[in-house]
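Chains A and B supply the protein sequences, listed in that same order. If you count the first sequence from 1, position 225 lands on 225 in this note's numbering, and the numbers rise without skipping. Positions in the second sequence are counted from 1; adding 1000 to them yields this note's numbering. First comes the structure, then the notes that go with it.
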Amino acid sequence: MATLKDITRRLKSIKNIQKITKSMKMVSAAKYARAERELKPARIYGTGALALYEKAEIKAPEDKKKHLLIGVSSDRGLCGAIHTSIAKSLKNQITNLSNAGKEVMVVGVGDKIRGLLQRTHSNYFLMTFKEVGRRPPSFGDASIIASELLNSGYEFDEGSVIYNRFRSVISYKTDEKPIFSFETVAGSESLSIYDDIDADVLRNYQEFTLANILYYSLKESTTSEQSARMTAMDNASKNASEMIDKLTLTFNRTRQAVITKELIEIISGAAALD
Amino acid sequence: MVAERRGAAMVAYWRQAGLSYIRYSQICAQAVRAAMKPQYKAEAERAAMATVKTVKPKKE
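What follows is the structure, given as structure tokens:
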């Protein structure tokens, strides 16, 4: 049976934790509202950039060797299954591609991805990007990431961006968008239906599309992360209040037990004198 | 197939200078932001702030 002091100490610490998780939920709710507002125009960038690939039905040929995986997440935790779902998807893809004999390199946007995959897949990492998630992502961030990828010297034939697509306040889904290399797009048959496409225009478009896709995935990812953090902190506050209720009951029971014990001692002491 | 259609100087001047399209658009956007009126400039500067840092894995 715990002493009154232990229970009081526990009660105080859980009450503090509940205050913290409640305030984190408020902060996440505010950030989520802003992120969702900024997501609407950002979706247009993403769908517009990918429209060419879909309309022209560009598919990478099967025999291409070099693959690039970009996992988009963030630096900060306490947001539910956001980081682990991306890491799980990355691990599966790495295994599948390696077994098919392809060369795979991974790029992590956000420190958590590096942390989760460092132990087992550290030799697949091309580079990591940090300071993601502190402020809402801008197109400048996406441009920096795209520039670094293009200058990295890793000539990939095909790639995909893995991110958490925002569906609603309570749900998100891990999704994947393709990236094609210059040769794949240039060599695609259906490209001849488009007017005025030469190698220079195509290369410009490829670079711009890379930045666009990254911007879109960053925006979706932050919105999903904030909504997941809101849910997680809400659950934590609820659990904390449950624990507080239970502990208060045990505290009162313990308090009464202590008083009863003292009474018994006094009364039996007094009875012994008689 | 695509290379045949290239004319004599179809490569853009900035591409010849070694810039990528992304770097080119960044410079153009910077110029546009610098040309904005003060009350809109602050907003644009704030929206364009980029905070991402690169971490290259250490070679062992």
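Glycine included, C-beta positions come from ideal geometry on N, C-alpha and C.
- Put simply, the CB of Y1013/B is far from chain A, with every gap to its CB atoms at 8 Å or more.
- Under the three-state reduction of DSSP output, D175/A falls in the strand class.
- Judged by DSSP in its simplified three-state form, I162/A adopts strand.
- Residue state for T128/A is assigned as strand, using DSSP reduced to three classes.
- Contact annotation: V27/A and L69/A have beta-carbon atoms that are not nearer than 8 Å.
- In the DSSP assignment, V106/A falls within the beta strand (DSSP E) that extends over 103-109.
- Between I264/A and K15/A a beta carbon distance of about 32 Å is seen, past the 8 Å cut, so the two are scored as non-contacting.
- Using a CB distance cut-off of 8 Å, F129/A counts as an interface residue toward chain B.
- Relative to the Cα of Y172/A, the nearest Cα in the group Y53/A, S13/A, A81/A belongs to A81/A.
- Assignment of L117/A by DSSP, reduced to helix, strand and coil, places it in the helix class.
- Against chain A, a Cβ distance below 7 Å from R1023/B picks out S147.
- In this structure S160/A touches P178/A by the C-beta definition: roughly 5 Å separates them, less than 8 Å.
- Proximity to R134/A across K22/A, A272/A, T223/A peaks at T223/A, based on C-alpha coordinates.
- In this structure, A1050/B lies away from G108/A, with their beta-carbon atoms at least 8 Å apart.
- A straight-line Cα-Cα distance of about 25 Å links P41/A and T231/A.
- Interface residue (Cβ-Cβ distance to chain B less than 8 Å): D157/A is not classified as such.
- Inclusion of S74/A and K31/A in the CB contact set at 8 Å is not warranted, their separation being larger than that value.
- A Cβ of chain B is located within less than 8 Å of the beta carbon of S138/A.
- Taking 8 Å as the threshold, the shortest C-beta distance from A1031/B to chain A does not fall below it.
- In terms of Cα proximity to A35/A, the closest of L247/A, N252/A, A236/A, E220/A is E220/A.
- Taking 3 residues as the shortest admissible run, the segment 28-110 of chain A contains the following complete beta strand (DSSP E) segments, listed from N- to C-terminal end: 66-72, 103-109.
- Between E207/A and Y1013/B, the CB-CB gap reaches or exceeds 8 Å.
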